[in-house]
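Colleague: Starting off with a structure, shown below.
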Amino acid sequence: MASTSSSTPAAEVEVEERCRKRKRAARAAEPAAPAQPSKWRTRREHEIYSSKLLEAIRVVRAGPSAAAGAAAPAPPRGRAVGEAADRELAVAARGRTHWSRAILASRRRRLQAAHRARLRAPASPPSRHDAAAASASAASASAAAAKGTATPPLARKAKVLGRLVPGCRKLSFPTLLAETTDYIAALQMQVRAMTALAEALSAVSATSSPGAGSSSSSSPL
Amino acid sequence: MSSRRSRSRQSGSSRITRITEEQISDLVSKLQDLLPEAHLQSNARVPSARVLQETCNYIRSLHQEVDDLSERLSELLATSDMSSAQAAVIRSLLM
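Respectively, the protein sequence lines represent chains A and B.
The first sequence begins at -3 in our numbering and counts up one residue at a time.
The second sequence begins at -8 in our numbering and counts up one residue at a time.
Written as structure tokens, this is what we have:
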């Protein structure tokens, strides 16, 4: 059941394609009800996310050295962990929210751009610009008929908020509020899970690696 | 694809949904409930602008926390050599 992505960008692109098709079929089958923010508080979601995150960062640890091509921009490892965490969070949302789709879409575009750049000899296209332009056009196309506005002082703050939540720049005010609610609940779970993972990792590495610098404490008595 | 959004669910057959103040304030209060208690009293009426401002600040702080945790996790990964047995131990600690 656990579908872990392999380390090469090409394989990752394929995995993303398959995930996208599966999600599209699932979305067509289920009613498009907005996600309930309270699900991010359940123990089950926390456990699922934690174990997927653990697998993902193990891949990150093994991956970049094997997969780095000449043109593929390898993010520094700290950021790679963060991106894996965001990706797993977006996957956990099961494609029902704007922000989760935006995270997955921009990541897929970046992987495809890097993949295409490796296939073609000339300089790689600025994938970040591509992702931003593509996601803006996709968002404006879907939100073109959106109704619902806010009073001017709220509109300013709503614009700032729309920039903070991924994929929500051009949504109507009520939709933006609903997306934000879900996004915050998801982020809270992400922080809880990553904190627990860091605690667990530091506990395991403290006990198992002898003489790791300063903490080679010989327990007194 | 946009026709399946919750907009059409709210008002039966009409295509244009009137977004009421009540709906918006309801959404804002749901958002307010998520914010940490230290900033806002959840039972007091707080102006929506304040809620939005606190929300922006809160999201930024959450992003920062995630970035810090990512750094910390990557450092921990660099120093520890995780075998599959250790991964099983970690997983059991998480559950």
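Glycine is no exception: its CB is placed at the ideal position from the N, C-alpha and C atoms.
Assuming LEU173(A) contacts LEU26(B) (C-beta within less than 8 angstroms), just tell me the rounded distance between them.
Modeller: Working through the first sequence from its first residue, we reach residue 173(A) at position 177. Working through the second sequence from its first residue, we reach residue 26(B) at position 35. The pair is not a contact, with the Cβ atoms about 13 angstroms apart (cut-off 8 angstroms).
Colleague: Can LEU193(A) and LEU64(B) be called in contact, C-beta distance under 8 angstroms?
Modeller: Taking the first sequence and counting its residues from 1, one reaches residue 193(A) at position 197. Taking the second sequence and counting its residues from 1, one reaches residue 64(B) at position 73. Result yes, Cβ atoms of LEU193(A) and LEU64(B) sit closer than 8 angstroms.
Colleague: Kindly indicate which residue of GLU66(B), TYR49(B), ASP24(B) has the alpha-carbon position closest to the one of ILE53(A).
Modeller: As a first step, residue 53(A) must be located in the first sequence, where it is residue number 57. Here the closest residue by C-alpha is GLU66(B).
Colleague: Is the separation between the beta-carbon of ALA81(A) and that of SER61(B) shorter than 8 angstroms?
Modeller: Here the question's residue 81(A) lines up with position 85 in the first sequence. Here the question's residue 61(B) lines up with position 70 in the second sequence. Yes, they are a contact pair.
Colleague: Measuring alpha carbon to alpha carbon, tell me which of ALA86(A), LEU160(A), ARG152(A), SER102(A) ends up nearest TRP36(A).
Modeller: Reading the first sequence from its first residue, position 40 is the one you call residue 36(A). Checked all of ALA86(A), LEU160(A), ARG152(A), SER102(A); the closest Cα to TRP36(A) is ALA86(A).
Colleague: For ARG159(A), which residues in the same chain have their Cβ closer than 8 angstroms to its Cβ, ignoring the five residues on either side in sequence?
Modeller: Locating residue 159(A) in the first sequence gives position 163, where the first residue counts as 1. Cβ neighbours of ARG159(A) beyond the five flanking positions: ARG165.
Colleague: Please report the distance separating the alpha-carbon of LEU53(B) from that of GLN184(A).
Modeller: As a first step, residue 53(B) is located in the second sequence; it is residue number 62 there, counting from the start. As a first step, residue 184(A) is located in the first sequence; it is residue number 188 there, counting from the start. LEU53(B) and GLN184(A): Cα-Cα distance of roughly 7 angstroms.
Colleague: State the CB to CB distance for the pair LEU43(B) and ALA154(A), rounded to an integer number of angstroms; the pair is presumed to be in contact (CB under 8 angstroms).
Modeller: Here the question's residue 43(B) lines up with position 52 in the second sequence. Here the question's residue 154(A) lines up with position 158 in the first sequence. Rounded, the Cβ-Cβ distance is 7 angstroms, consistent with contact.
Colleague: By a C-beta neighbour count over all protein chains shown, 10 Å radius and 16 as the cutoff for buried, is SER106(A) buried or exposed?
Modeller: Along the first sequence, one-based indexing puts residue 106(A) at 110. The residue you asked about is not Ser; residue 106(A) is Arg in the sequence shown. Answer is buried; the Cβ neighbour count reaches 16.
Colleague: Terminal residues of the continuous alpha helix (DSSP H) containing ILE10(B)?
Modeller: Against the second sequence, residue 10(B) aligns to sequence position 19. That residue, ILE10(B), is in no alpha helix (DSSP H); it is neither H nor E in DSSP.
Colleague: Below 8 angstroms between beta carbons: does that hold for ILE15(B) and LEU197(A)?
Modeller: Residue numbering aside, residue 15(B) sits at position 24 when the second sequence is read from its first letter. Residue numbering aside, residue 197(A) sits at position 201 when the first sequence is read from its first letter. Judged by their CB atoms, ILE15(B) and LEU197(A) are not nearer to each other than the 8 angstroms cut-off.
Colleague: Taking only the alpha-carbon atoms, compute the straight-line gap between GLU175(A) and LEU100(A) and give it to the nearest angstrom.
Modeller: Working through the first sequence from its first residue, we reach residue 175(A) at position 179. Working through the first sequence from its first residue, we reach residue 100(A) at position 104. Rounded to whole angstroms, GLU175(A) and LEU100(A) show a C-alpha spacing of 16 angstroms.
Colleague: With a threshold of 8 angstroms between beta-carbons, can GLU56(B) be considered close to chain A, or not?
Modeller: By 1-based counting over the second sequence, the position of residue 56(B) is 65. Answer yes: the Cβ-Cβ gap between GLU56(B) and chain A drops below 8 angstroms somewhere.
Colleague: Any C-beta of chain A sitting closer than 8 angstroms to the C-beta of SER61(B)?
Modeller: Residue mapping note: residue 61(B) aligns to position 70 of the second sequence, counting from 1. True, the Cβ-Cβ gap to chain A drops below 8 angstroms.
Colleague: Please list the terminal residues of the continuous alpha helix (DSSP H) segment that includes THR46(B).
Modeller: Within the second sequence, the letter at position 55 stands for residue 46(B). Run containing THR46(B): 39 to 70, per the alpha helix (DSSP H) assignment.
Colleague: Check whether the Cβ atoms of ALA220(A) and ALA89(A) sit closer than 8 angstroms, and answer yes or no.
Modeller: Lying outside -3 to 217, the shown extent of chain A, residue 220(A) is not represented and no answer is given.
Colleague: Below 8 angstroms on the Cβ atoms is my contact criterion, and I expect HIS111(A) with LEU167(A) to pass it. Report the Cβ-Cβ distance as a whole number of Å.
Modeller: What you label residue 111(A) is simply residue 115 of the first sequence in a count that begins at 1. What you label residue 167(A) is simply residue 171 of the first sequence in a count that begins at 1. Contact doesn't hold; Cβ gap of about 30 angstroms is too wide.
Colleague: Using beta carbons (cut-off 8 angstroms, strictly below), is MET185(A) in contact with chain B?
Modeller: Along the first sequence, read from residue 1 onward, the residue named residue 185(A) stands at position 189. Cβ-Cβ to chain B under 8 angstroms: no for MET185(A).
Colleague: Take LEU49(A) as the anchor and find which of ALA202(A), VAL187(A), LEU115(A) has the nearest alpha-carbon.
Modeller: The residue labelled residue 49(A) in the question sits at position 53 within the first sequence. LEU49(A) has its Cα closest to that of VAL187(A), out of ALA202(A), VAL187(A), LEU115(A).
Colleague: Flag this pair as yes or no: are the beta carbons of SER201(A) and LEU85(B) separated by less than 8 angstroms?
Modeller: As a working note, residue 201(A) is residue 205 in the first sequence. As a working note, residue 85(B) is residue 94 in the second sequence. In this structure, LEU85(B) does not lie closer than 8 angstroms to SER201(A) by Cβ.
Colleague: Considering only the beta carbon of each residue, do ASP58(B) and GLY78(A) sit closer than 8 angstroms?
Modeller: Your numbering for residue 58(B) matches position 67 in the second sequence. Your numbering for residue 78(A) matches position 82 in the first sequence. A contact, by the Cβ cut-off of 8 angstroms.
Colleague: Whose Cβ in chain B lies nearer than 8 angstroms to the Cβ of THR177(A)?
Modeller: Walking along the first sequence from the start, residue 177(A) turns up at place 181. Near THR177(A) (Cβ distances below 8 angstroms), the residues of chain B are LEU18, LYS21, LEU22, LEU25.
Colleague: Check whether the Cβ atoms of PRO33(A) and THR177(A) lie closer than 8 angstroms to each other.
Modeller: Residue mapping note: residue 33(A) aligns to position 37 of the first sequence, counting from 1. Residue mapping note: residue 177(A) aligns to position 181 of the first sequence, counting from 1. Cβ atoms of PRO33(A) and THR177(A): closer than 8 angstroms.
Colleague: Out of GLU195(A), PHE169(A), ARG116(A), which one is the CA nearest neighbour of THR11(B)?
Modeller: Walking along the second sequence from the start, residue 11(B) turns up at place 20. The candidate whose alpha carbon is nearest that of THR11(B) is PHE169(A).
Colleague: With C-beta atoms as the reference, is CYS47(B) less than 8 angstroms away from VAL156(A)?
Modeller: In the second sequence, the residue the question calls residue 47(B) occupies position 56. In the first sequence, the residue the question calls residue 156(A) occupies position 160. For CYS47(B) and VAL156(A), yes; Cβs fall inside 8 angstroms.
Colleague: With distances taken Cα to Cα, identify the nearest neighbour of THR147(A) among ALA40(B), GLU45(B), TYR49(B).
Modeller: For the purposes of this step, residue 147(A) is identified with residue 151 of the first sequence, where counting begins at 1. Cα-wise, what sits closest to THR147(A) is ALA40(B).
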